[in-house]
Amino acid sequence: MWDERYAQDGFAYGTEPNDFLRAQFTRIPPGGKVLCLADGEGRNGVFLAQQGFDVTSVDLSVVGLQKAQRLASERGVSLTTAQADLTQFDPGSNYWDGVISIFAHLPAEPRGHLHRRLVRSLKPHGVFILEAYTPAQLATSGVGGPPAQQAEMLMTLNALKFELSGLDFVIGHETVREIQEGQYHHGESAVVQVVATKS
1 MWDERYAQDG FAYGTEPNDF LRAQFTRIPP GGKVLCLADG EGRNGVFLAQ
51 QGFDVTSVDL SVVGLQKAQR LASERGVSLT TAQADLTQFD PGSNYWDGVI
101 SIFAHLPAEP RGHLHRRLVR SLKPHGVFIL EAYTPAQLAT SGVGGPPAQQ
151 AEMLMTLNAL KFELSGLDFV IGHETVREIQ EGQYHHGESA VVQVVATKS
C-alpha cells in the first residue's frame, strides 16, 4: 500500500513539515540526533535536517525513503534513511536527543511495545514529539487516519501516558484542528498532541 501511495506523482502529504512539529522542534537539544518515525517521503526529517539536526528517517516504504533522499538533496541537506517495520524496529538505548512520531499509527499492542522501546532510546533531556489521530477523528469531516475497522490504531492521551510512562509530559492534550497536509491529510482533524521529556 505505502509503496503504491508514494509512487504517485507529487508528495502524498506535501513537502512542508507538520505544523505541531514546526511549533515544538526547538525543544530538542540543538544539533542533536533525531529519529523520525514513519517519515514517508521525508517532509519532517528534511525540515529537521534544515534546522541543523542529525536526522534518521525510518519508514516501511523504500519508495517513500527514496523520495525523502531526493527532497533532502533538493533542499541541500543530508539525512540517513532506514527501511524498517516499526513493530520490529529497535531504536537502541540512550541514543536519541529527539524522537518524532507524526501520524505513526500501529495496532495497540505493538504500538505500546514500540513506545516503551522509544522511551529507553532517548538520552536524558531527550524530547518526544507526537501528533496522532484520536477515535474522535471517525466523526469528523476531515480526511486522514485509520478507518473504523482499524480503530485500535487511533490514539488517546490516556493510552499514551501509560505507554510513555517514564517521560514527563510538557504538553499533552486532545484537540480538533484544521490540517492541510497533501491529499491524504486535510480538513477538520481530531488529534492528540504530546511533547514529553526524559529526566
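Residue 199 is where the sequence shown ends in full-length UniProt numbering, and the numbering goes up by one at each step. Note that CB positions come from ideal geometry on N, CA and C, so glycine has one too.
Cβ pair residue i, residue j closer than 8 Å
i      : j      : result
Ser78  : Ala68  : no
Gly32  : Gly98  : yes
Leu21  : Asn44  : yes
Ser157 : Val192 : It is worth fixing the name first, because residue 157 is Leu in this sequence and not Ser. Cβ atoms of Leu157 and Val192: closer than 8 Å.
Thr197 : Leu154 : no
Val194 : Leu130 : yes
Leu164 : His125 : no
Ile100 : Gly142 : no
Val46  : Trp96  : no
His113 : Ala132 : no
Glu188 : Thr134 : no
Per-residue burial, residue i [other beta carbons within 10 Å of its own, 16 or more giving buried]
i      : result
Phe162 : exposed
Gln150 : exposed
Gly182 : buried
Arg111 : buried
Ala38  : buried
Gln88  : exposed
Ala190 : buried
Sequence-distant residues of the same chain with beta carbon closer than 8 Å to residue i, five excluded per side
i      : result
Asp90  : Arg117
Ala136 : Glu174, Val176 and Ala190
Ala108 : Glu152, Met153 and Ala159
Identity of the residue in the options nearest residue i by Cα
i      : options                         : result
Thr15  : Gly187, Leu160 and Gln50        : Gln50
Pro146 : Cys36, Phe103, Ser73 and Thr80  : Phe103
Thr26  : Gly42, Gly52, Asn94 and Lys123  : Gly52
Val170 : Phe11, Asn18 and Ile28          : Ile28
Glu74  : His186, Leu122, Gln24 and Glu41 : Glu41
Glu83  : Leu71, Arg120, Asp54 and Cys36  : The amino acid at residue 83 is misidentified as Glu; the sequence shows Gln. Here the closest residue by C-alpha is Cys36.
Nonlocal neighbours in the same chain, by C-beta distance under 6 Å from residue i, ignoring five residues either side
i      : result
Gly172 : Leu157 and Val194
Leu138 : Ala148
Contact set for residue i: own chain, Cβ-Cβ below 7 Å, skip 5 residues either direction
i      : result
Thr81  : Ser57, Leu65, Ala68 and Gln69
Leu122 : Trp96, Val99, Phe128 and Lys198
Residue i beta carbon near the ligand GDP (any heavy atom closer than 7 Å)
i     : result
Ala23 : The ligand GDP is absent from the structure shown, which contains no ligand whatsoever.
TODO: For the region 33 to 108, list the alpha helix (DSSP H) runs that are entirely contained and at least 4 residues long, ordered along the chain.
DONE: Fully enclosed alpha helix (DSSP H) runs of no fewer than 4 residues occupy 43 to 50 and 62 to 75 of the region 33 to 108, in order along the chain.
Beta strand (DSSP E) segments (min. 3 residues) lying fully within the region 136 to 198:
Entirely contained in the region 136 to 198, the beta strand (DSSP E) runs reaching 3 residues are, in chain order, 168 to 181 and 185 to 197.
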